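Peer 1: Structure incoming, see below.
In the working numbering, the protein residues as written are 655 to 805.
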């Protein structure tokens, strides 16, 4: 079971990087996609990604908890990183994204929206999440199994 944790975390890391830092910015390069449509696609993309990420947090935390007896050391650091990821995800889900969603809906409706730094805050939170998942993935990849000595 310990062999599943690191691959799961590295897969999650790749998914997060691909969606948040590659696909999302790339859609704004498409000349046929107008800003309101691009923002709406981004809004839905992040809603779906968030649901998937909550699943990753839950599965990863359960796997780490189940692996505790089989790992000599380091499982605690992985769990701390996952709790921190969950905190960042909660902040994004409950505080930041609802405000960004309201702004997107205003832009789609053709209203003028005053600039703010919340989008940059969200990007910073995504980067922090990326670093935390990377930390957990590397730490779990370095686990050493507990050796049981026979008598």
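Just so you know, even glycine gets a beta-carbon here, dropped at the ideal spot from N, CA and C. Here the structure is a predicted model, which is why all the values come from computation and not from measurement.
Give me the residue from 695, 690 and 657 with the minimum Cα distance to residue 673.
Peer 2: Measuring from the Cα of residue 673, the nearest candidate turns out to be 695.
Peer 1: How many Å lie between residue 731 and residue 664 at the Cα?
Peer 2: Going from the Cα of residue 731 to the Cα of residue 664 covers about 16 Å.
Peer 1: Is it buried or exposed, residue 700, if we count other Cβ atoms within 10 angstroms and call 16 or more buried?
Peer 2: Buried: at least 16 other Cβ atoms inside 10 Å.
Peer 1: Locate the alpha helix (DSSP H) running through residue 710, then write down its first and last residues.
Peer 2: Taken as a continuous stretch (DSSP letters only), the alpha helix (DSSP H) holding residue 710 covers 689-721.
Peer 1: Would you kindly report the start and end of the unbroken alpha helix (DSSP H) that includes residue 778?
Peer 2: Per DSSP, residue 778 belongs to the alpha helix (DSSP H) from 772-795.
Peer 1: Report yes if the CB atom of residue 662 is closer than 8 Å to the CB atom of residue 713, and no otherwise.
Peer 2: Yes, Cβ-Cβ distance for residue 662 and residue 713 is below 8 Å.
Peer 1: How far does the alpha helix (DSSP H) with residue 765 in it extend, from its first residue to its last?
Peer 2: No alpha helix (DSSP H) contains residue 765, which DSSP labels as neither H nor E.
Peer 1: Looking only at its chain, what residues have a beta carbon closer than 8 Å to the beta carbon of residue 742, apart from the 5 residues adjacent to it on each side?
Peer 2: So the list reads 779, 782, 783 and 786, once near-sequence residues are dropped.
Peer 1: Near residue 682, what residues of its chain come up, given a Cβ to Cβ distance below 6 Å and the 5 sequence neighbours on each side ignored?
Peer 2: Cβ neighbours of residue 682 beyond the five flanking positions: 692.
Peer 1: Looking at residue 670: is its Cβ nearer than 8 Å to the Cβ of residue 711?
Peer 2: Against a cut-off of 8 Å, the Cβ pair of residue 711 and residue 670 comes out as no contact.
Peer 1: What residue does the alpha helix (DSSP H) around residue 736 start on, and which one ends it?
Peer 2: Its alpha helix (DSSP H) spans residues 729-745.
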